[in-house]
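Report on the following structure.
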Amino acid sequence: MNFSSKILEEAVNQVSQLPGIGKRTALRLVLHLMRQPANQTDVLSQALTNMRHDLKFCKNCHNVSDVDICEICASHNRDKTIVCVVEDIRDVMAIENTSQYRGLYHVLGGKISPMDGIGPQDLNIKSLIQRIQNDGVQELIFALSPTIEGDTTNFYIFKQLNGLEVNTSTIARGIAVGDELEFADEVTLGRSILHRVPYENSLKN
Ligand SMILES: [Zn+2]
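Structure representation (structure tokens):
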């Protein structure tokens, strides 16, 4: 692409760094912004800057938050004896959208995946065990995607619970194997949480 302006070229180059955005799309987006009032670009830049610098992760559950303890953990209307274990914040959003779950979450930040060099120590597993030991958690719901990595992670955590008094369950697999939680429709996902099954049962299948 030949640019008559280095400034334009730099803007296009930066936008095209985003996943799924090629040079042509980047150019289209930049030209769109050029046609908008200047303050619109300022607002966009500021929103991105704030997101990168001011966004925090909840000290309790590792969900994204504007403050140290997220809204869900801080709420008096949530059942603090139940913790739903999820892979990332998109899963929290998906489950919250169902309005069927009133417990808390624990965001692992990924799944155990030796192929990708991700081991248990790279995930928020230690803090999960600490919560179970200290916070009166009575039930843990595994809601990781039904993949080999998801199953491996569930099993690893299950083994770490040895000696702790906590029930474990897994969301009912109304969701087809291979589907990610965030793509499951709200009704199906909501139902699969309500009809969760004891984790030990899922091991026998
Ligand atoms: Zn939280």
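Each residue of the sequence shown is one higher than the last, beginning at 1 in the working numbering. Yeah, the Cβ is synthetic: ideal placement off N, Cα and C, and Gly gets one too. Since the model is a prediction, treat every value here as computed from it, not as a measurement.
How many angstroms separate the CA atom of residue 79 from the CA atom of residue 187?
As a first step, residue 79 is located in the sequence shown; it is residue number 79 there, counting from the start. As a first step, residue 187 is located in the sequence shown; it is residue number 187 there, counting from the start. Going by the C-alpha atoms only, they are around 21 angstroms apart.
Pull the bridge partners of residue 84 from the DSSP assignment, please.
As a first step, residue 84 is located in the sequence shown; it is residue number 84 there, counting from the start. In DSSP, residue 84 forms a bridge with 105, 141.
Name all residues in chain order for which at least one heavy atom of ligand 1 lies closer than 5 angstroms to the residue's CB.
Taken from the N-terminal end onward, the list reads 58, 60, 61, 63, 70, 73.
At 3 residues or longer, and completely inside the segment 48–92: list those beta strand (DSSP E) runs for me, N to C.
Runs of the beta strand (DSSP E) inside the segment 48–92: 79–86.
Taking the alpha helix (DSSP H) that residue 153 belongs to, which residues open and close that run?
Walking along the sequence shown from the start, residue 153 turns up at place 153. Counting along the chain, the alpha helix (DSSP H) containing residue 153 begins and ends at 148–160.
Is it the case that the Cβ atoms of residue 104 and residue 89 are separated by a distance below 9 angstroms?
Locating residue 104 in the sequence shown gives position 104, counting from the first residue. Locating residue 89 in the sequence shown gives position 89, counting from the first residue. Cβ distance not < 9 angstroms, so residue 104 and residue 89 don't count as in contact.
In three-state DSSP terms, what is residue 167?
In the sequence shown, counting from the first residue as 1, residue 167 sits at position 167. Reduced to three states, the DSSP call for residue 167 is strand.
Which word fits residue 53, buried or exposed, when buried means at least 16 other C-beta atoms lie within 10 angstroms of its C-beta?
Taking the first residue of the sequence shown as 1, we reach residue 53 at position 53. Exposed, since its Cβ has fewer than 16 Cβ neighbours within 10 Å.
To the nearest angstrom, how far is the alpha carbon of residue 141 from that of residue 10?
Numbered from 1 along the sequence shown, position 141 holds the residue referred to as residue 141. Numbered from 1 along the sequence shown, position 10 holds the residue referred to as residue 10. In a straight line, the C-alpha of residue 141 is about 47 angstroms away from that of residue 10.
Along the chain, where does the alpha helix (DSSP H) that runs through residue 127 open and close?
Walking along the sequence shown from the start, residue 127 turns up at place 127. First-last of the alpha helix (DSSP H) with residue 127: 126–134.
Can you tell me where the alpha helix (DSSP H) holding residue 14 begins and where it ends?
Taking the sequence shown and counting its residues from 1, the one referred to as residue 14 is at position 14. It spans 6–15 - the alpha helix (DSSP H) in which residue 14 sits, taken as one unbroken run.
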